[in-house]
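Residue numbers (the UniProt record's numbering): 1 to 287.
What follows is the structure in structure tokens.
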């Protein structure tokens, strides 16, 4: 297992962690100041400055990418399904322009939440089947573009509104169904916040192996958790054994960055430099 205690060469910052403190250029400047080597930009931040300018900013800063967040939200009614497909194709194109190693996919839940304006439904099985159909459709486009897709399972508390893919087993079952040989660029992003509770996590990480493990996202689970989306903890402040999960990932062949992704009203109120300094310190001792 890699030793993170001496420096932060393997740390990446998911730019949502600093979303309230500044725009993408400001975030990238701060990352350079703190000698961060990699980032994972979010689409809304990229779109604010334009994808071509964002790509230039990343190149000029010498920053690598650990991924691009995000595509997905694929569940829609018939009237909105084509617009969802078009949006995901644009996400692939943006990821290619930025030079991302993968596009992270958050599948979507029920249609009225995944694509606002869609007719309401409670058919969860249909939502999961639509995700499989839409990933299969997107995979053709992404493979031609040379952009790997990483399915990110989300905690069951987000099943209705954000993702009906809630375990690593479900995500890998989709991978095996749509890319049985493992040569089409379909894999998974493992976020400790969403997966720490899963009793099958170690087994499924081993099942994924090097080809399927495309990203590792880290933060912590606070007790009590006061908000379903925006109360993630800084690593070391909660109950997740992050080094244990990272060890499983590395044993299975993962050698990429540990990407810090924190949705937090608390940390969004802190100065950007303080957040980055804390991320670096916690990356060394709690990841």
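C-beta: ideal position from N, C-alpha, C; glycine also.
* To do: Report the three-state DSSP secondary structure of residue 239 (helix, strand or coil).
  => As a first step, residue 239 must be located in the chain shown, where it is residue number 239. Of the three classes helix, strand and coil, the one that applies to residue 239 here is coil, per DSSP.
* Asked: Does DSSP put residue 70 in a helix, a strand or coil?
  -> Position 70 of the chain shown holds residue 70. It is a strand residue.
* **Residue interval of the alpha helix (DSSP H) (run including residue 14)** => Along the chain shown, one-based indexing puts residue 14 at 14. Counting along the chain, residue 14 falls outside any alpha helix (DSSP H), though it belongs to the beta strand (DSSP E) covering 11-14.
* Asked: Quick one: what's got a C-beta closer than 6 angstroms to residue 93's C-beta in the same chain, skipping five residues either side?
  -> The count along the chain shown starts at 1 and reaches residue 93 at position 93. Same-chain partners within the cutoff: there are none.
* Three-state class that DSSP yields for residue 27 in the structure shown -> Sequence index remark: in the chain shown, residue 27 carries index 27 (1-based). Looking at residue 27 - three-state DSSP - the assignment turns out to be helix.
* Looking at the unbroken alpha helix (DSSP H) that takes in residue 135, where does it start and where does it end? -> Taking the chain shown and counting its residues from 1, the one referred to as residue 135 is at position 135. Element bounds for residue 135: 124-145.
* **Assigned exposure category for residue 157 - 16 Cβ within 10 Å defines buried** => For this step, residue 157 is matched to residue 157 along the chain shown. Classification for residue 157: exposed.
* Identify, in the order they occur along the chain, each residue of the same chain with its Cβ nearer than 7 angstroms to the Cβ of residue 95, setting aside the five sequence neighbours on each side. => Taking the first residue of the chain shown as position 1, residue 95 is located at position 95. Correct list, in chain order: 68, 103, 147.
* Note down, one range per segment and in chain order, each alpha helix (DSSP H) of at least 4 residues found wholly within the segment 154-228. => 168-178, 192-195, 201-212
* Go ahead and label residue 233 buried or exposed: buried means 16 or more other beta carbons lie within 10 angstroms of its beta carbon, across all protein chains shown. => Translated into the one-based positions of the chain shown, residue 233 becomes position 233. By the 10 Å Cβ count, residue 233 comes out buried.
* Measure the C-alpha to C-alpha separation of residue 272 and residue 21 and round it to an integer number of angstroms. => Within the chain shown, residue 272 is the residue found at index 272, counting from 1. Within the chain shown, residue 21 is the residue found at index 21, counting from 1. The straight-line gap from Cα to Cα measures roughly 6 angstroms.
* Under the rule that 16 or more other beta-carbon atoms within 10 Å means buried, what is residue 227, buried or exposed? -> Taking the first residue of the chain shown as position 1, residue 227 is located at position 227. Exposed, since its Cβ has fewer than 16 Cβ neighbours within 10 Å.
* Can you name, in chain order, every residue of its own chain whose Cβ lies under 6 angstroms from the Cβ of residue 105, other than the five neighbours on each side? -> For this step, residue 105 is matched to residue 105 along the chain shown. Cβ within range, chain order: 71, 72, 149, 151.
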